[in-house]
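First the structure, in the form of structure tokens, and then the observations on it.
In full-length UniProt numbering, the protein residues as written are 1 to 879.
Below, the structure is given as structure tokens:
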């Protein structure tokens with residue numbers, strides 16, 4: 001209530017922004033008459049003038065009005081498209097690092113040119129991020145004509161490009177690409193062994209198209225680069241084989257949180273089945289320590305069988321399991337569920353089981369995009385997630401008014417008792433609308449349901465197109481022509497993104513269906529036909545959106561609704577629901593069900609009332625709030641890893657840029673020797689209490705030769721003298737290496753030792769963190785905060801990794817052996833694929849992936865990982 005009161009008194013953010021932005025808009029418009037008179041060459045020369053003005057003022061806002069006016073004029077000449085005033089307002093919002101919420105069809109692609117051009121002027125690069133490769137390529141070619149006309153370079157990245165081609169694309173003033181490709185290039189760059197082979201520049205400014213899809217819907221999906229781990233296909237097949245013997249009496253299922261656990265009856269049955277299949281010893285119990293791997297495989301098999309559905313969560317394509325994005329309905333090629341779940345689904349569907357992967361590098365979109373100096377975004381639906389955008393990304397949502405008033409009619413939901421009644425009612429509505437040739441878009445929530453409706457329409461002999469994850473190749477073409485008179489299109493949430501549905505048809509998409517040499521000759525004719533077709537469509541009522549289910553998020557529903565009523569066109573939307581729908585069944589308010597029961601709802605009858613629609617929206621709000629909490633909590637955990645990731649990646653870059661790696665390794669040697677001495681010969685202890693035997697053994701392993709210290713100690717050597725003696729031993733050995741080889745090869749070899757050792761230990765650290773994360777939630781049963789426990793233990797693991805890294809670098813540096821071909825191979829190999837250039841005895845330095853977390857300790861005088869600023873012994877380590 002207070003929030004509403006203050007908004008009424010002081011005005012909301014969008015209102016304040018628009019008030020100020022309209023003053024800037026007036027300045028942009030004032031330049032138009034002047035720029036119209038310029039020749040093409042003179043207009044192009046404006047870019048150099050603007051760049052000069054920027055470097056004098058160092059303020060983009062100072063040159064914004066003229067820059068925007070220049071882009072508007074260039075667009076008129078090159079694309080025959082003039083930015084509307086509301087589009088200029090959208091460009092101002094983007095430049096200020098906000099999210100511009102603009103309705104479908106308002107021209108967000110063109111809006112991006114304004115902020116992209118302005119922010120490219122300083123020369124630090126601009127990234128325009130889209131949701132798929134088609135849009136990235138289309139927009140780079142389409143809008144690229146404007147940038148190139150004004151003297152700027154344009155690049156587009158895709159997975160097929162070589163590193164050299166990608167580097168050139170990133171060096172361009174403006175670079176288009178998908179969120180996945182930008183994120184993976186960031187990870188791949190941080191696995192390189194040569195600074196010159198990195199493709200990305202410093203992350204400067206990004207404009208994210210469909211920002212809610214990328215920063216909200218995909219926020220929980222990590223980007224992972226991985227390598228093959230152990231083969232567990234045999235146990236997966238064996239465990240999945242016994243799952244068919246379980247029924248709903250054996251487990252507790254929570255569809256809301258997508259969790260499943262065996263109950264007492266199920267646990268007893270599992271033990272019997274596992275023993276009979278020789279997967280567990282007869283003398284052991286299911287929850288014994290030695291059965292952890294079998295129990296884990298069993299739990300994942302249960303999830304695969306009872307929670308994850310074919311054609312809803314995934315499809316089987318070319319003998320592989322391909323995941324479906326729950327929000328967009330698109331296939332996610334190359335993505336795999338983690339922690340053995342994907343293998344369990346492969347076993348369930350009887351396709352080849354691929355090895356589980358070991359994480360080499362990972363991040364999330366949340367943390368990747370927060371690396372940019374400035375971030376902005378565009379979408380038609382962001383207001384419902386405004387709080388999350390502000391809390392996590394510090395992005396304000398600015399609602400930009402539409403160019404024309406919205407004429408679309410959004411009808412109240414119709415609710416039926418059963419799913420079949422709902423489909424029957426929707427079919428009747430389709431028939432009536434189709435009879436008058438009104439174009440119809442039928443929205444569904446899954447591949448399975450879209451295929452079902454398609455079968456029903458085939459029986460009724462209603463011609464239609466289907467767009468889902470199984471038929472996504474012609475997505476843009478199908479959607480672009482969904483506004484033709486009499487068209488019927490069935491689609492999953494894929495229909496909510498990318499290509500506009502233009503009433504009467506899409507001119508460019510229609511021309512592409514003709515031979516290239518005929519297109520210009522047919523352009524005028526087809527354009528006239530589309531105009532006539534549009535008139536008939538408008539007379540029929542515009543595009544009719546029929547949605548057969550509510551999504552968990554209001555935003556996804558709004559996206560589908562927004563496909564109709566583009567740029568002031570008439571349109572109509574209607575939702576058909578049933579009490580058997582997942583949303584109603586799992587999350588729906590009991591009040592809705594109770595109300596319908598009291599009203600005596602009969603078979604075939606529907607209830608339509610604004611109160612019920614509002615009750616459903618309340619249920620959606622609860623789900624959105626829950627999902628937000630999940631994402632926020634996951635981010636808190638990933639923030640811990642992100643700090644460590646930034647330290648490691650910063651260290652890698654520093655080593656690659658290091659002019660004198662030998663000096664760096666000497667500093668490291670001093671630190672390692674100092675620590676070894678302090679571990680065995682504490683300065684505070686009496687000399688007689690020093691563990692010289694232990695120190696000799698530790699140094700002998702480190703130096704790979706026998707080290708004797710007894711004679712040194714006899715000469716009344718002080719602690720500092722002992723430390724100096726050991727450091728000199730290390731320096732002498734390193735000096736011999738330098739004298740054996742010339743300085744350039746040894747420097748490059750030492751650099752490789754740093755990077756290889758860091759990568760090996762970082763990969764093992766990621767493995768240990770994954771194991772820690774899997775079980776940390778159980779700490780809540782001991783009345784402990786899992787997040788705080790995770791911070792403390794991950795900090796301890798990271799400290800151990802750093803200590804191991806320093807010892808390993810010193811050990812390997814002292815055992816360097818450089819071959820004659822080493823320098824040639826370094827110049828030929830940019831990706832760090834060289835074989836090890838050091839002799840190593842695995843019995844001396846061993847890297848263990850599995851670490852007993854109970855033995856990892858935080859130094860009591862170290863700062864507490866909780867960021868309190870206190871020492872650990874006075875904070876969470878207090879006795």
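C-beta: ideal position from N, C-alpha, C; glycine also. If you're wondering where the values come from, they're calculated on a predicted model, not measured in any experiment.
Residue 127 is bridged by DSSP to 175 and 206. Counting C-beta pairs closer than 8 Å gives three or more between the region 785-805 and the region 634-648, which meets the contact rule. Relative to the Cα of residue 279, the nearest Cα in the group 216, 291, 93 and 318 belongs to 291. Non-local C-beta neighbours of residue 527 in its own chain, meaning closer than 6 Å and more than five positions away in sequence, comprise 507, ordered along the chain. Approximately 5 Å separates the beta-carbon atoms of residue 149 and residue 74; this is inside 8 Å, confirming the contact. A contact is defined here as three or more CB-CB pairs under 8 Å, and the region 426-443 meets this definition with respect to the region 532-542. In the structure shown, residue 252 falls within a strand segment according to DSSP collapsed to helix, strand and coil. According to the DSSP assignment, residue 266 belongs to the alpha helix (DSSP H) that extends over 264-276.
Looking at 426, 250 and 240, the one whose alpha-carbon comes closest to that of residue 351 is 240. Within a 10 Å sphere around the beta-carbon of residue 261 sit fewer than 16 other beta-carbons, which makes this residue exposed.
Contact between the region 561-581 and the region 393-406 is present, with at least three C-beta pairs closer than 8 Å.
Beta-carbon to beta-carbon, residue 187 and residue 225 are separated by about 5 Å, close enough to satisfy the 8 Å threshold. With contacts defined as CB atoms closer than 8 Å, residue 694 and residue 375 fail to qualify as a contacting pair.
Measuring C-alpha to C-alpha distances from residue 410 to each of 360, 546 and 401 identifies 546 as the nearest. Taking a 10 Å sphere around the C-beta of residue 715, we find fewer than 16 other C-beta atoms and assign the residue as exposed. The DSSP-derived three-state label of residue 439 is coil. Of the candidates 696, 681, 697 and 698, the residue whose Cα lies closest to the Cα of residue 690 is 681.
For residue 491, the enclosing beta strand (DSSP E) starts and ends at 488-491. Rounded to whole angstroms, the gap between the alpha carbons of residue 561 and residue 550 is 11 Å. In the structure shown, residue 409 falls within a strand segment according to DSSP collapsed to helix, strand and coil.
With 16 or more other Cβ atoms from the protein chains shown falling within 10 Å of its own Cβ, residue 510 counts as buried. A distance below 8 Å between beta-carbons, with the five flanking residues on each side excluded, links residue 142 to the following residues of its chain, in chain order: 79 and 109. Judged by their CB atoms, residue 14 and residue 398 are nearer to each other than the 8 Å cut-off. Rounded to whole angstroms, residue 185 and residue 99 show a C-alpha spacing of 25 Å. Counting of Cβ neighbours within 10 angstroms places residue 710 among the exposed residues, the total staying below 16.
DSSP lists 252 as the bridge partner or partners of residue 261. The beta carbon of residue 416 lies closer than 6 Å to those of 422, 578 and 606 in the same chain, with the five residues before and after it left out. In this structure, residue 365 places its C-beta atom within 8 Å of the C-beta atom of residue 215.
Sequence-distant partners of residue 387 (beyond 5 residues in either direction) whose C-beta falls short of 8 Å from its own C-beta, in its chain, are 628. One Cα belongs to residue 696, the other to residue 738, and the distance between them is close to 25 Å.
By the C-beta density criterion, residue 723 is buried, having at least 16 other C-beta atoms within 10 angstroms. DSSP, read as helix, strand or coil, puts residue 101 in strand. Pairing residue 370 with residue 458, the inter-Cα distance amounts to about 48 Å. Between the beta-carbon of residue 28 and that of residue 62 there is about 13 Å, and that puts the pair past the 8 Å contact cut. Under the three-state reduction of DSSP output, residue 314 falls in the strand class.
Excluding residues up to 5 positions away in sequence, 361, 649 and 652 lie with their Cβ nearer than 7 Å to the Cβ of residue 190 in the same chain.
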